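Some notes on the structure that comes next.
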């Protein structure tokens with residue numbers, strides 16, 4: 004089957020996209036509105052951008068028939084956000100926070116989560132999440148056709164909060180203990196318990212077999 008995106012409707016294109024780019028990490032983003040209301044929402048169009056300085060990107064779509072999502076509005080107005088990692092233990096709370104609540108609703112309260120103060124930014128962290136990344140907004144790049152644009156939030160990490168048992172002596176994160184979840188298509192998610200390692204080759208030539216005899 005060959006599918007030309009220009010010949011299908013945007014909704015079908017979206018379904019093909021989320022079914023092809025899998026599994027996706029989830030950025031559980033906390034922000035603060037101008038009136039001080041806490042906002043929390045998950046986004047799976049999420050990636051690391053560069054390590055120096057550590058920078059992340061989150062694609063934030065529009066609310067159907069309304070305009071910008073609260074996360075994007077708050078991030079643009081305050082210049083701050085916190086990315087919380089979603090693990091198995093809070094997957095149901097994450098799902099609750101994905102509902103399109105009005106701007107005046109605090110998703111922390113709706114999901115029964117505990118907001119705790121950050122150090123360098125105003126938005127609170129999710130206490131139940133084992134990794135929180137305090138971030139400063141660097142820029143927003145708008146991508147897509149008029150009427151359906153997404154705001155690509157590019158943010159610099161200012162401070163990490165990592166649960167003690169997850170950090171190795173080499174300052175890496177032990178993903179076997181993290182139990183993060185990934186986003187698939189539809190209502191499907193994936194766990195990260197069935198793990199394995201593949202060592203990266205140090206010399207490419209040693210892994211290339213000659214076809215000559």
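Numbering (this note's numbering), first residue to last: 4 to 216.
Built from N, CA and C at the ideal position, the CB exists for glycine as well.
These figures come from a predicted structure and were not determined experimentally.
Short of 7 Å in beta carbon distance, which residues of its chain neighbour residue i, apart from the five on each side in sequence? Order them along the chain.
i, result
"residue 126", "33, 34, 35, 83, 84, 85"
"residue 179", "198"
"residue 196", "182"
"residue 104", "110, 113"
Return the first residue and the last residue of the alpha helix (DSSP H) that residue i is part of.
i, result
"residue 74", "73 to 81"
"residue 112", "110 to 114"
Taking the beta strand (DSSP E) that residue i belongs to, which residues open and close that run?
i, result
"residue 186", "184 to 186"
"residue 34", "30 to 35"
"residue 181", "It is not in any beta strand (DSSP E) - residue 181 instead sits in the alpha helix (DSSP H) that spans 178 to 181."
Can you list, in chain order, the residues of its chain with a C-beta nearer than 6 Å to that of residue i? Leave out the 5 residues immediately preceding and following it.
i, result
"residue 73", "42, 106"
"residue 163", "136"
"residue 61", "30, 46, 49, 156"
"residue 114", "96, 99, 100"
"residue 19", "none"
Determine the contact status of residue i and residue j, defining contact as a CB-CB distance below 8 Å.
i, j, result
"residue 132", "residue 69", "no"
"residue 188", "residue 25", "yes"
"residue 147", "residue 28", "no"
"residue 79", "residue 192", "no"
Would you mind working out which of the options sits nearest residue i, comparing C-alpha positions?
i, options, result
"residue 140", "193, 150, 186, 77", "77"
"residue 130", "12, 165, 182", "165"
"residue 169", "18, 100, 181, 81", "181"
"residue 194", "10, 144, 7, 92", "92"
Is there at least one non-hydrogen atom of the ligand MG closer than 7 Å to the beta-carbon of residue i?
i, result
"residue 128", "The model on display carries no ligand, and the ligand MG is accordingly not part of it."
Could you name the residues of the same chain whose beta carbon sits closer than 8 Å to that of residue i, not counting the 5 residues immediately before and after it, in chain order?
i, result
"residue 176", "134, 165, 169, 170"
"residue 58", "51, 52, 141, 157, 158, 159, 160"
"residue 245", "In this structure the chain extends from 4 to 216, so residue 245 is not present and cannot be described."
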